[in-house]
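*Asks:* The numbering of the sequence shown is this note's numbering, which starts it at 17 and goes up by one. Every residue, glycine too, gets a C-beta built ideally from N, C-alpha and C. Questions regarding the structure given below will be posed in turn.
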Amino acid sequence: MRWNKKFNGTKESLTDKSHKPLSPHPKAHTKQELYWIKNYIRRNPTISLCELYGKLRTEKGYSRHACSLFRIVRKLKYKVNTEHHSKYIPRKYDTPTNIGMKWQMDVKVIPKECYAGQIPDKFYQYTIIDEASRERFIYPYKEQSSYSTIDFVKRAIVYFGYKPKIIQTDNGQEFTYT
């Protein structure tokens, strides 16, 4: 029906016209809201999107969603200030070259499948590794506690024959006094 109304007898009248709407959408940003957004960005070019949204809501009574504000800012071709995150640069792990500089320590539960025979007790394997020589010391304990940890470190010092400068652990409960 619409094409029949457009037809006036010539071929040119049937060519496809613009699809741009003649009137704005009823829920589109008003000219007043666009003026506010442009003004805030012009007066404060380093403003972040969250700050802009907060100021519009508190000072101007802006009632739209933050996503629609972001969409409009992008449509207006404004660059909203974003924090620059520097690219991750992988660095070589600093392995000590001197013996006794750094030890790594960990605790694991020994599974029942590793037991020789039938033992009802539960065991914990304490392991300490010297990073320079990669020599390790392992000792089992029946409990996982700070007392066992202290005893294990004393045994490791006797085994290696020297005290380390650094002992690296995870933040397990057996390594922290709480």
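Anyone know if the C-beta pair for Phe-176 and Phe-139 falls short of 8 angstroms?
*Replies:* Not in contact: Phe-176 and Phe-139 (Cβ atoms no closer than 8 angstroms).
*Asks:* Distance, Cα to Cα, Thr-185 vs Met-121?
*Replies:* 5 angstroms
*Asks:* Give me the DSSP bridge partner(s) of Tyr-140.
*Replies:* Bridge partners of Tyr-140: Val-125, Tyr-157.
*Asks:* Three Cβ pairs or more, each shorter than 8 angstroms: is that satisfied between the segment 149 to 166 and the segment 123 to 140?
*Replies:* yes
*Asks:* Counting Cβ pairs, one atom from each stretch, are 3 or more of them under 8 angstroms apart for the segment 169 to 183 and the segment 99 to 118?
*Replies:* yes
*Asks:* Pick helix, strand or coil for Asp-146, following the three-state DSSP scheme.
*Replies:* strand
*Asks:* Tell me, which residues are paired with Gln-120 by DSSP?
*Replies:* Ile-145, Gln-184
*Asks:* Who are the near neighbours of Arg-87 in its chain, counting only those whose CB is closer than 8 angstroms to its CB and skipping five residues on each side?
*Replies:* Non-local beta-carbon contacts of Arg-87 in its own chain, meaning distances under 8 angstroms to residues more than five positions away in sequence, are absent.
*Asks:* To test your reading of the DSSP string, which unbroken alpha helix (DSSP H) runs of 4 or more residues are found completely within the segment 82 to 107?
*Replies:* 82 to 91
*Asks:* Using 8 angstroms for Cβ pairs, my map puts Leu-68 next to Tyr-51. What's the rounded Cβ distance?
*Replies:* In fact, because the Cβ distance is near 14 angstroms, the residues do not count as touching under 8 angstroms.
*Asks:* Between which two residues does the alpha helix (DSSP H) carrying Thr-165 extend?
*Replies:* 162 to 176
*Asks:* Let me know if Tyr-78 comes out buried or exposed under the rule of 16 or more other beta-carbons within 10 Å of its beta-carbon.
*Replies:* buried
*Asks:* Rounded C-beta distance between Lys-118 and Glu-151? I'm assuming under 8 angstroms.
*Replies:* Wrong, their Cβ atoms sit about 13 angstroms apart, outside the cutoff.
*Asks:* Helix, strand or coil for Arg-58, going by three-state DSSP, please let me know.
*Replies:* helix
*Asks:* Return helix, strand or coil for Arg-80, following the three-state DSSP convention.
*Replies:* coil
*Asks:* Quick check on Ala-172: buried or exposed, where buried means 16 or more other Cβ atoms within 10 Å of its Cβ?
*Replies:* buried
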